[in-house]
Amino acid sequence: MPYQTRWKRLLNLLKHQLCGNLIMGASREIRQKIGTIKSTQKITRAMQMVAASKMRKAQDRMNAARPYARKILDVIAHLANAHPEYQHPFMEVRDISRAGYIVISTDRGLCGALNVNVMRDVVKELKDWEQKKVQTGLCLVGSKADLFFRRYHLNVMAKAMHIGDAVGVKDLIGAVKVMTDAYRKREIDALFIASNTFVNTMVQRPTIQQLLPIASTATEFKTRVWDYIYEPNAKDLLQGLLTRYLEAQVYAAVIENYACEQASRMLSMRNATDNAGHVIDGLRLVYNKARQAVITNEIAEIVGGAQAINQ
Amino acid sequence: MENHQTAAAFEKQLRVDIVSAERSIFSGIAKMVVVAGEEGELGILPGHSQLLTRIKPGEVRVVKAEGGEEMYYVSGGFLEVQPYLASILADTVIRGTDIDEERALEAKSHAEKVLSEKSKKDKEYAAALIELTRAIAQLKIARKLHDQAKK
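Going down the list, the sequences are from chains F and H. Position 301 of the first sequence, counting from 1, maps to 301 under my numbering, and the rest follow consecutively. Just add 1000 to the spot in the second sequence (first one is 1) and you have my numbering.
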């Protein structure tokens, strides 16, 4: 347990600092230290509870976003199926000479290794592309990704930052459009999205998925005998639906990442609270010892004094 | 959803789902739904043939099966009609080629700002950031102390 060793190390450090002048006036210093750690603990506990309630809300929003994407995918599959002659650029598979990545991160820290995990995977893939002499372009969501990729000299195409707690589709439209436009103009030949997947409260897994080209779903659907009446026409509708589908995908990923952020923060703050408790216990022991030492000392002095008078 | 549709078909009623990317807005059984389609106002009744259309910003009126009406404002989107099911894929934000373009430019300019800043040392940036967070924290505490002093 790395956490345990960490708090033990802190405790030893504090003991060392305090024991230098343990005999006189140290008890007051220890008491102050305990007070400091107690207030830190209060903060971490509050953060833990806030994260827990925010996580629950985020999960609700995750579920609320699902029917939209499912419905659109259903309609797109039907459209693509009924009109095989019309191949939308988003569905066309090309040789990859440039790859685009949408990297989703949090805006705030104190959420464990959540961001680092995603970045590590992305950097690994970027290196792979580099070896294959494939150029890359990035779209960064959240300020942690921005801070991280500042260190590398990469081609950042778009950014969406400080999206906050109540993220909406409108915060992401711009960034998504930059990437899809680049795809349409053949500036990139594939688009990936990197974010965390919410497995459960304890486990969040970094994942990289391919957004473009959209894998053809035609085989999955049985041929239907009917077709829609289209207003204005199938081509325009498909265009609009595909754009919204991509936006919905990115939005869903951002929401899910947000739920992961809260879950991860809840967990790391719980660890912090526990560790603060351990440190307080340890310090209290030191404090009691110091107080006892002072009392013993006083008694010894009194007894010594009394004996001196008696003699 | 399939189940609901068959149930609705049996009753000769129309199931209406209004969903946006962010949430489900309405879901229920209706006698009729009125939508401003791109090529004119549409009143969808149970048994309508399959239809797919873009919708204009405007109101969606749902005449509920149990009586009463519900009105919703949508800023655009799509309407998909199956004989006993009408799904409205609503946009929550006003869309338009110009507006979308503007948003894209904004995202790009955010990215370009970094490029110009890149020439500065990254350390400098990090140091400034730490300085700033510290200053903010100090300000907060100062304000709190000030408030306490007032009391």
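Ideal placement from N, C-alpha and C gives every residue a C-beta, glycine not left out.
As assigned by DSSP and simplified to three states, the class of residue i
i: Arg-9/F; result: helix
i: Asn-233/F; result: coil
i: Val-111/F; result: Before going on, a small fix: residue 111/F reads as Cys here, not Val. The answer is coil: DSSP assigns Cys-111/F none of H, G, I, E or B.
i: Pro-213/F; result: coil
i: Arg-1023/H; result: coil
i: Gln-135/F; result: strand
i: Asp-146/F; result: helix
i: Met-161/F; result: coil
i: Ala-1149/H; result: helix
i: Ser-1119/H; result: Its pLDDT being 49, under 50, Ser-1119/H is placed unreliably by the model, and the measurement read from it follows with that caveat. Looking at Ser-1119/H - three-state DSSP - the assignment turns out to be coil, as it is neither helix nor strand.
i: Ile-255/F; result: helix
i: Asn-196/F; result: strand
i: Pro-67/F; result: helix
i: Gly-1067/H; result: coil
i: Gly-1058/H; result: strand
i: Glu-1041/H; result: strand
i: Glu-1080/H; result: strand
i: Lys-57/F; result: helix
i: Asp-95/F; result: coil
i: Gly-100/F; result: strand
i: Thr-207/F; result: strand
i: Ala-1090/H; result: strand
i: Tyr-1073/H; result: strand
i: Gln-266/F; result: Sequence check: residue 266/F is Met here, not Gln. Met-266/F falls in the helix class under three-state DSSP.
Residue i and residue j closer than 7 angstroms at C-beta
i: Lys-62/F; j: Ile-208/F; result: It is worth fixing the name first, because residue 62/F is Met in this sequence and not Lys. Their beta carbons are not under 7 angstroms apart, which means Met-62/F does not touch Ile-208/F by this criterion.
i: Ala-145/F; j: Ser-195/F; result: no
i: Val-1081/H; j: Tyr-1072/H; result: no
i: Cys-139/F; j: Ile-188/F; result: no
i: Ile-1055/H; j: Gly-1077/H; result: yes
i: Ala-1021/H; j: Ala-158/F; result: no
i: Ala-263/F; j: Thr-201/F; result: yes
i: Ala-252/F; j: Ala-77/F; result: no
Cβ distance (whole Å) where residue i is taken to contact residue j below 8 angstroms
i: Arg-98/F; j: Thr-44/F; result: Actually they do not touch by this definition, with Cβ atoms about 44 angstroms apart.
i: Val-1063/H; j: Lys-1031/H; result: 5 angstroms
i: Leu-238/F; j: Leu-79/F; result: 5 angstroms
i: Ala-248/F; j: Gln-41/F; result: Not really, about 41 angstroms apart at Cβ, beyond 8 angstroms.
Residue from the options whose Cα sits closest to the Cα of residue i
i: Gln-32/F; options: Asp-171/F, Ala-252/F, Ile-280/F and Pro-84/F; result: Ile-280/F
i: Leu-1129/H; options: Leu-147/F, Cys-139/F and Arg-120/F; result: Leu-147/F
i: Ser-1109/H; options: Asp-165/F, Gln-307/F and Met-161/F; result: Met-161/F
i: Tyr-1203/H; options: Ser-1049/H, Ile-1025/H, Ile-1099/H and Glu-1131/H; result: Residue 1203/H lies beyond the range of chain H shown here (1001 to 1151); nothing can be said about it.
i: Leu-1105/H; options: Val-176/F, Pro-213/F and Met-55/F; result: Val-176/F
i: Glu-1039/H; options: Arg-1143/H, Thr-1053/H and Leu-1014/H; result: Thr-1053/H
i: Leu-11/F; options: Thr-201/F, Val-286/F and Ala-308/F; result: Val-286/F
i: Asp-338/F; options: Arg-186/F, Phe-198/F, Pro-84/F and Gln-48/F; result: With chain F running from 1 to 311 in the structure shown, residue 338/F is simply not present.
i: Thr-1092/H; options: Asp-107/F, Lys-170/F and Glu-85/F; result: Lys-170/F
i: Leu-241/F; options: Asp-107/F, Gly-35/F and Ala-69/F; result: Ala-69/F
i: Arg-151/F; options: Pro-67/F, Val-123/F and Pro-89/F; result: Val-123/F
i: Ser-143/F; options: Thr-296/F, Gly-35/F, Met-119/F and Asn-288/F; result: Met-119/F
i: Gly-1037/H; options: Ile-229/F, Ile-309/F and Cys-111/F; result: Ile-229/F
Cβ of residue i within 7 angstroms of any chain C Cβ
i: Lys-235/F; result: Here the protein chains are F and H, and chain C is not one of them.
Flag this pair as touching only if the segment 121 to 134 of chain F and the segment 157 to 176 of chain F have three or more C-beta atom pairs under 8 angstroms; answer yes or no. no
Inspect the CB distances between the segment 172 to 186 of chain F and the segment 266 to 283 of chain F and report whether three or more fall short of 8 angstroms. no
Using 8 angstroms as the cut-off, can you tell me whether the segment 1018 to 1025 of chain H makes contact with the segment 198 to 207 of chain F, which would need three or more C-beta pairs spanning the two stretches below that distance? no
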